[in-house]
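Residue numbers (the working numbering), protein chains in the order written: chain G, 1 to 411; chain E, 412 to 912. Everything on this sheet refers to the single structure shown next.
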């Protein structure tokens, strides 16, 4: 029993070291693979039937582990669609057959159909913004020209409290050639077609108790290039804006609604305006909407928002990258292409957006490197080599002993 | 962590170092570029100690805005000052005289209307003492002609200055429109760059240089929006650029004469200059030139007209018989004769002439000055010398007295409101000189402010060569250190691999 079991033990030891060498070989081969998680071979004893007086050797069993939850080193790249996860979670990828898998290999490139695919052929999945709840392939393809109509604006001004009161017959709302005003601003709004519409906003002091008359005209109706009044059509809107005459603070009248011809109703927020004893001036003037523009580039934020940047500088949040996680990432089933599938031991998938629910954040223009450290692998290789040698010595010794036994009959 | 990580950190460090060196070299290249702002390469360490470089641009909004406003102020002061320098040739002060204004009696210098008027007064006195002396009469007449043509020439000069100012406004408007359209492209590039996280510092430099150039034409204020775009307003608040440029329109006037009103500069229907403007431009060359064209020159022209109307009034011929013949322009006349001009009548200085009836070279007679019937020799009612005496001096004496009698002038003209004609002409010269010296002083101090603002901005955002070179030295050291690290890792791997053999 003893010698034969020693032979078997030596063989199992050699097989275990060979398996370890296999994982080391894989690790070294994948030391530069994006998103690769180091594999390791763990040993466990297998005992034989040993009595109190004799020892029957058993053997060694191996168990291959993947350090899936280990964070790889993040290195920067030049492509904005190269994504790395800093923290927990996996990208959800879909292969050509429609099967979904988890991966941390984020070297995505834009395909001709607009989807983002990594080197292993997995298409990045996410949610369509602003309110999508179905997991679908992120498509950042060019959708041609995009225009958006203006709907909200902010205009913060200071209107000189010392300005002269304009008689009601000369207010801009009267639209006569004698119309005058206290302060005027122009805002560029966009209609449904993306045509810029210049709005002439007139603010006119109508009495001494802090009331201003606000009239908004479409500049295209101006009388001539040198004089706007009288406009060919009446004001788009005329309303009053009230200030507290003693403090100069805004009191009522905002927001001002302007119906843009062939466009949305523009709401102009003027509530940050003041009426102080200083020269009339503009503090803020912003407006949304944009002229038709084509897609220029895409960016990905740390929360996984995929933004489409248009040629006129307008940024539109199009998708959000989804991250998935399981209870026990290290027990995921490894498949080719740095991808993982769930099994009964790993637990089921939980989906969340980056930065929330314990998920890590996304780093754009970055890739997660392999977790393999060459020095460790080389050291392990030495120990595997020596272990294999030692096992073969055991085998050789047992073989020699058996040979001696066989030769007893001959002599 | 392990040797592989060490290697990749060292590699990233080398890359970051190279990027920083690029920034330093860019800074050194821009050391003599006034519009260049220093780039700052800042290192940020990501997880695992991997360094990355982000490039920012040093800026100082307050100092830059101060530079813009002082540039505009300097330009408007400079425009006014150059215009007044041009007007000054109407009084022909020598440069030495203008340098010592306080000590020199300006009214007696050069060929100003005041000096010629003084000369005329002296000639009249001499002629009145000997009315039968033709040579003295001729001298008096030529002084009168010199004064009239001086007023004509001065008036022409004033209108030339106005025309030049008008042309300069047109050029400034063209320039401003070109700058605004350039701004569109830069603004879009900055907005797009901000959205994509690209390096926009070159665009920001360009934007600043456009704004600086624009501030020369007109005073501007800017606001920056959250997306990085910028809106430009005039210093009075009229929108020049809000997502798209507004067109500035101005039609130059072809001919300027006394009384011509130049056109206003209009931004999308909102006048920013001229009397109808609710929100008038306060600074920049357009504001300065408009002030010159519409205020200073008009005031000076008015003063010349006052002198002219004073002359016509003093030398007017009136009914000597106590009859009802109307008072008519005498020695000094104009195109509207025989009606008397109103005080400071528009266009009078340009039109004033010496009556041909008194000029022997034009078929007239010197004796008519003596007799007082220059305006209408055929009407005996105007003849004071009924006896035809050759030595008749009453009329000339009366003229001399009238010339030295106080008159009332337009109080709004800038010069004295009342006084003798000579005193008024003198105060006109003083007014011009005072305006000119004030404008020059303002222009000089505004230029000094621009220099100071430029220096402060350059100190704050410019490139300091010493600083850059010492940074370069640091970078060189850290580059060698990173390279050393790599070679150490290499030799460590070497020992590991040799251990296997």
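From the three backbone atoms N, C-alpha and C, an ideal C-beta is built for every residue, glycine too.
Handout entry: At least 3 beta-carbon pairs within less than 8 Å: the segment 285–293 of chain G vs the segment 143–160 of chain G
Key = yes
Exercise for the section: Give a yes or no on whether the C-beta atoms belonging to residue 178 of chain G and residue 680 of chain E are separated by under 7 Å. Expected result: Reading the first chain from its first residue, position 178 is the one you call residue 178 of chain G. Reading the second chain from its first residue, position 269 is the one you call residue 680 of chain E. No, these two residues do not count as a Cβ contact at 7 Å.
Exercise for the section: Use the C-beta contact count for residue 749 of chain E: other C-beta atoms within 10 angstroms, 16 or more gives buried, fewer gives exposed. Expected result: In the second chain, counting from the first residue as 1, residue 749 of chain E sits at position 338. By the neighbour-count rule (16 or more Cβ atoms within 10 Å), residue 749 of chain E is not buried but exposed.
Practice task
Assign residue 343 of chain G to one of two classes, buried (16 or more other C-beta atoms within 10 Å of its C-beta) or exposed (fewer than that).
Solution key: Locating residue 343 of chain G in the first chain gives position 343, counting from the first residue. Burial call: exposed.
Handout entry: N-terminal and C-terminal residue of the beta strand (DSSP E) that residue 703 of chain E is part of
Key = For the purposes of this step, residue 703 of chain E is taken as residue 292 along the second chain, with counting starting at 1. It is not in any beta strand (DSSP E) - residue 703 of chain E carries neither H nor E in the DSSP assignment.
Problem - Enclosing alpha helix (DSSP H) for residue 524 of chain E [first to last residue] - result: As a position in the second chain, residue 524 of chain E is number 113, starting the count at 1. Run containing residue 524 of chain E: 524–540, per the alpha helix (DSSP H) assignment.
Handout entry: Strand pairing of residue 91 of chain G, partner residues [DSSP]
Key = Here residue 91 of chain G is taken as the residue at index 91 of the first chain, counted from 1. Looking at the DSSP assignment, residue 91 of chain G forms a beta bridge with G/103, G/323.
Exercise for the section: Taking all protein chains shown into account, decide if residue 82 of chain G is buried (16 or more other Cβ within 10 angstroms of its Cβ) or exposed. Expected result: As a working note, residue 82 of chain G is residue 82 in the first chain. That one is buried.
Handout entry: Buried or exposed (CB count within 10 angstroms, at least 16 for buried), residue 20 of chain G
Key = Taking the first chain and counting its residues from 1, the one referred to as residue 20 of chain G is at position 20. The residue is buried, with at least 16 neighbouring Cβ atoms inside 10 Å.
Handout entry: Coarse secondary structure for residue 641 of chain E, derived from DSSP in three states
Key = Within the second chain, numbered from 1, the residue matching residue 641 of chain E stands at position 230. Residue 641 of chain E falls in the strand class under three-state DSSP.
Exercise for the section: Identify whether residue 307 of chain G lies in helix, strand or coil by the three-state DSSP scheme. Expected result: For the purposes of this step, residue 307 of chain G is taken as residue 307 along the first chain, with counting starting at 1. Three-state DSSP puts residue 307 of chain G in a strand.
Practice task
Would you give the residue range spanned by the alpha helix (DSSP H) that residue 437 of chain E belongs to?
Solution key: Looking up residue 437 of chain E in the second chain gives position 26. Unbroken alpha helix (DSSP H) run through residue 437 of chain E: 414–440.
Problem - residue 297 of chain G versus residue 693 of chain E: straight-line alpha-carbon distance, rounded - result: Here residue 297 of chain G is taken as the residue at index 297 of the first chain, counted from 1. Here residue 693 of chain E is taken as the residue at index 282 of the second chain, counted from 1. Cα to Cα, the separation comes out at about 43 Å.
Problem - Reduced DSSP category for residue 194 of chain G - H, G, I as helix; E, B as strand; rest coil - result: Stepping through the first chain from its first residue, residue 194 of chain G is reached at position 194. Residue state, collapsed to three classes: coil.
Problem - Residue range of the alpha helix (DSSP H) that includes residue 502 of chain E - result: One-based indexing of the second chain puts residue 502 of chain E at position 91. Premise fails: residue 502 of chain E is in no alpha helix (DSSP H) and is neither H nor E.
Practice task
Express the C-alpha separation of residue 560 of chain E and residue 629 of chain E in angstroms, rounding to a whole number.
Solution key: For the purposes of this step, residue 629 of chain E is taken as the residue at position 218 of the second chain. For the purposes of this step, residue 560 of chain E is taken as the residue at position 149 of the second chain. If you take the alpha carbons of residue 629 of chain E and residue 560 of chain E, they lie about 38 Å apart.
Handout entry: Interface partners of residue 419 of chain G on chain E, CB under 8 Å
Key = What is shown of chain G runs 1 to 411, which leaves residue 419 of chain G out entirely.
Practice task
Provide the residue(s) that pair with residue 853 of chain E in DSSP beta bridges, ordered along the chain.
Solution key: In the second chain, the residue the question calls residue 853 of chain E occupies position 442. The partner list for residue 853 of chain E (beta bridge, DSSP) is empty, contrary to what the question assumes.
Practice task
Measure the Cβ-Cβ separation of residue 554 of chain E and residue 531 of chain E and say whether it is below 7 Å.
Solution key: Stepping through the second chain from its first residue, residue 554 of chain E is reached at position 143. Stepping through the second chain from its first residue, residue 531 of chain E is reached at position 120. Yes, the Cβ-Cβ distance between residue 554 of chain E and residue 531 of chain E is below 7 Å.
Handout entry: Below-7 Å beta-carbon distance, residue 218 of chain G vs any chain E residue
Key = Translated into positions along the first chain, residue 218 of chain G becomes position 218. So no, residue 218 of chain G is outside the interface.
Exercise for the section: To the nearest angstrom, report how far apart residue 8 of chain G and residue 106 of chain G are at their CA atoms. Expected result: Working through the first chain from its first residue, we reach residue 8 of chain G at position 8. Working through the first chain from its first residue, we reach residue 106 of chain G at position 106. Taking the straight line from one Cα to the other gives about 45 Å.
Handout entry: Residue from E/604, E/682, E/771, E/585 whose Cα sits closest to the Cα of residue 311 of chain G
Key = Here residue 311 of chain G refers to the residue found at position 311 of the first chain. Of the listed residues, the one whose Cα sits closest to residue 311 of chain G is E/604.
Handout entry: Burial state of residue 419 of chain E, where buried means 16 or more other Cβ atoms lie within 10 Å
Key = Your numbering for residue 419 of chain E matches position 8 in the second chain. Buried.
Practice task
Give a yes or no on whether the C-beta atoms belonging to residue 639 of chain E and residue 601 of chain E are separated by under 7 Å.
Solution key: Translated into positions along the second chain, residue 639 of chain E becomes position 228. Translated into positions along the second chain, residue 601 of chain E becomes position 190. Contact: yes.
Handout entry: Element boundaries [beta strand (DSSP E), containing residue 296 of chain G]
Key = The residue given as residue 296 of chain G occupies position 296 in the first chain. Looking at the DSSP string, the run of the beta strand (DSSP E) that includes residue 296 of chain G is 295–300.
Handout entry: Boundaries of the beta strand (DSSP E) in which residue 454 of chain E is found, first to last residue
Key = Here residue 454 of chain E is taken as the residue at index 43 of the second chain, counted from 1. Its beta strand (DSSP E) spans residues 450–456.
Practice task
Run down chain G in chain order and give the residues with a C-beta less than 8 Å from the C-beta of residue 733 of chain E.
Solution key: Counted from its first residue, the second chain places residue 733 of chain E at position 322. Per Cβ cutoff of 8 Å: no residues; residue 733 of chain E is ~53 Å from chain G at best.
Handout entry: beta strand (DSSP E) runs contained entirely in the segment 842–893 of chain E, provided each spans 3 or more residues
Key = none
Practice task
Just grab the DSSP bridge partners of residue 158 of chain G for me.
Solution key: For the purposes of this step, residue 158 of chain G is taken as residue 158 along the first chain, with counting starting at 1. Residue 158 of chain G pairs with G/274, G/281.
Practice task
Could you please tell me which residues of the segment 178–192 of chain G, in chain order, have their CB closer than 8 Å to any CB of chain E?
Solution key: 180, 181, 182, 183, 184, 185, 186, 187, 188
Problem - Start-to-end residues for the beta strand (DSSP E) that takes in residue 268 of chain G - result: What you label residue 268 of chain G is simply residue 268 of the first chain in a count that begins at 1. From DSSP, the beta strand (DSSP E) with residue 268 of chain G extends over 265–269.
Practice task
Jot down the residue ranges of each uninterrupted alpha helix (DSSP H) in the segment 129–188 of chain G, minimum 4 residues, whole runs only, in chain order.
Solution key: none
Problem - Touch test, the segment 313–328 of chain G against the segment 172–187 of chain G, Cβ-Cβ under 8 Å, three pairs minimum - result: no
Problem - Proximal residues of chain G, C-beta to C-beta of residue 883 of chain E below 8 Å - result: On the second chain, residue 883 of chain E is found 472 positions in, with the first residue counted as 1. Going along chain G, no residue has its Cβ under 8 Å from residue 883 of chain E, so there is no contact; the nearest lies around 23 Å.
Handout entry: chain E contacts from the segment 293–317 of chain G (Cβ-Cβ distance under 9 Å)
Key = 296, 297, 298, 299, 307, 309, 310, 311, 312, 313, 314, 315
Practice task
Give the residues from the segment 600–631 of chain E that approach chain G closer than 9 Å (Cβ to any Cβ), ordered along the chain.
Solution key: 600, 601, 602, 603, 604, 605, 606, 607, 608, 609
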